[in-house]
Amino acid sequence: MKVSLQDCQAIDVHAHPYVANPEPYTQEEFVKKLSLAVIPNKIPANYRLVNNQPYPGSNMWVQILIQRLAKYLSCKPSLEAVVEHRNERAKDFQKYTKNLFQDANLTGVVADFGYPTPMLKKQEYAELCGARIWEIYRIEPVMIRLAKESENFGEFIDQYRLDLKLALKREGVVGLKSIIAYRSGLDIMPMDNQGASMQYEEFKVDDRSKVKMLRDYCLHIAMEECTTANKVMHIHTGIGDGEVVLPKASPSFLLDMLRDKKYQDTKVHLVHGGYPWVEEAAFIVSILPNVYMDISLQNPFSGHGVKRILSQVYEFAPFDKVMYGSDAFTMPEMNWLGVHLFKECFEDVLSSWVKSEYMDLEMARAIGEMALYRNFENVYQEHL
Ligand SMILES: [Zn+2]
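Here's what the structure looks like:
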């Protein structure tokens, strides 16, 4: 007996908005746009291609996308044919995007408008994709903006706290987000007002500088404001684009802060489930009642790895702690394959549990629905 999730709706708890590409994609651009790399591969002039070789620099996720998209577009499963057909259909980008969302039964997205910059408009993205959009509010752009406007550290901190407070009151804003793993790492130290103020001038000069004490301090303020407002703190964990401070990106570095009594009621969402440290994330959400994880980025970008990961995550993670996500960021095909690949892989995993007599078909199906949207509704207290 096979578990089917095909008719189940999905809410994506972490993705980014985008607009139509101004010109049709070339094959090279299409592959580049699908890549997480900041500096995509350059093909050297003397590079020798063999017959049937995948496009240079492409990987399993790109390969799976070509294969699945070819079926959807009714064309040959080659990069050339897929890009050609995709470009044709994407001439009406809104229709193309809406159709992909509908085909995947993707009904809602928690969108991080912190990327791309300059910021896109929520209403426009909602109209483009036809799904309900919730917003999380990134703290780093706020820090940068207010450092330019503030006379001194004291004023900066007051304005920063006020800004977060007001953002969390806005309709449709479900939480804050930090990308501190890209700047100074996840080993967050206790609040140090003096240390943070000492680094303020350096941050004013270079907003990309490490200034760890200042960044840790600002993250604590965001945690406090989420606690007061009963909203969710998103923290980027694990890999990302090429800039991430990888040796300090494992969610295990967050443990000291997360275990602090002060934050025992704070809802924290570990974005990307700490991949490749997914088992650490699964353990953390199993011991801390208000900490949750999603499987965005690893799904769909680890390609065939999604099946293995889903099996591993549930070795420790409680069923009500894992949420569906994609980290889609430049084109609707990412949102689309995110849902389809997740369902395909999770159906296999769930079916194997039924076959092993760990549960019946109905329970397996319920676990699928929990990951796809019900856990989101419970954690965020938001319903479609
Ligand atoms: Zn993201």
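Under the numbering used here, the first residue of the sequence shown is numbered 771, with each subsequent residue one higher. Quick reminder that beta carbons are idealized off the backbone N, C-alpha and C, glycines included. Note that the structure is predicted; figures quoted are calculated from it, not measured.
Taking C-beta separations shorter than 7 Å and ignoring five residues to either side along the sequence, the partners of Leu984 in its chain run Ala966, Gln969, Tyr970, Phe973, following chain order. Phe1146 and Asp1097 have their C-alpha atoms roughly 16 Å apart. The distance from the Cβ of Tyr1094 to that of Ile781 is about 7 Å, consistent with a contact at the 8 Å cut-off. By the Cβ rule, the stretch 1115–1128 does not count as touching the stretch 1046–1066, because fewer than three pairs are nearer than 8 Å. Separation of Leu849 and Tyr1128 (C-alpha to C-alpha, rounded to the nearest whole angstrom) is 41 Å. Nearest to Tyr952 by C-alpha distance, out of Leu839, Gln929, Ser1020, is Ser1020. Arg856: member of the alpha helix (DSSP H) spanning 849–859, first to last residue. According to the DSSP assignment, Glu905 belongs to the beta strand (DSSP E) that extends over 902–908. Here Leu916 is near Phe926, since their CB atoms are less than 8 Å apart. Here the C-alpha atom of Lys1001 lies approximately 20 Å from the C-alpha atom of Asp928.
Residue burial is scored here from C-beta neighbours: Asp1035 has fewer than 16 other C-beta atoms within 10 angstroms and is therefore classed as exposed.
If the five residues before and after Val853 are omitted, its C-beta is found closer than 7 Å to the C-beta atoms of Tyr795, Gln797, Phe800, all from its own chain and listed in chain order. The stretch 774–826 contains, as complete alpha helix (DSSP H) runs of 4+ residues, the segments 797–803 (chain order). Gly1138 and Asn816 have their C-alpha atoms spaced approximately 48 Å apart.
Under DSSP, Asn1069 forms a beta bridge with Ser1066. Nearest to Pro960 by C-alpha distance, out of Tyr1045, Ala999, Leu1024, Met1003, is Leu1024. Under the DSSP assignment, His1004 falls in the beta strand (DSSP E) whose first and last residues are 1002–1006.
Boundaries for Ser979: no alpha helix (DSSP H) harbours it, and the DSSP string shows neither H nor E there. In the three-state reduction of the DSSP assignment, Leu1058 falls in the coil class. Selection His855, Val773, Thr877, Asn822 evaluated against Gln779 yields Thr877 as nearest (Cα-Cα).
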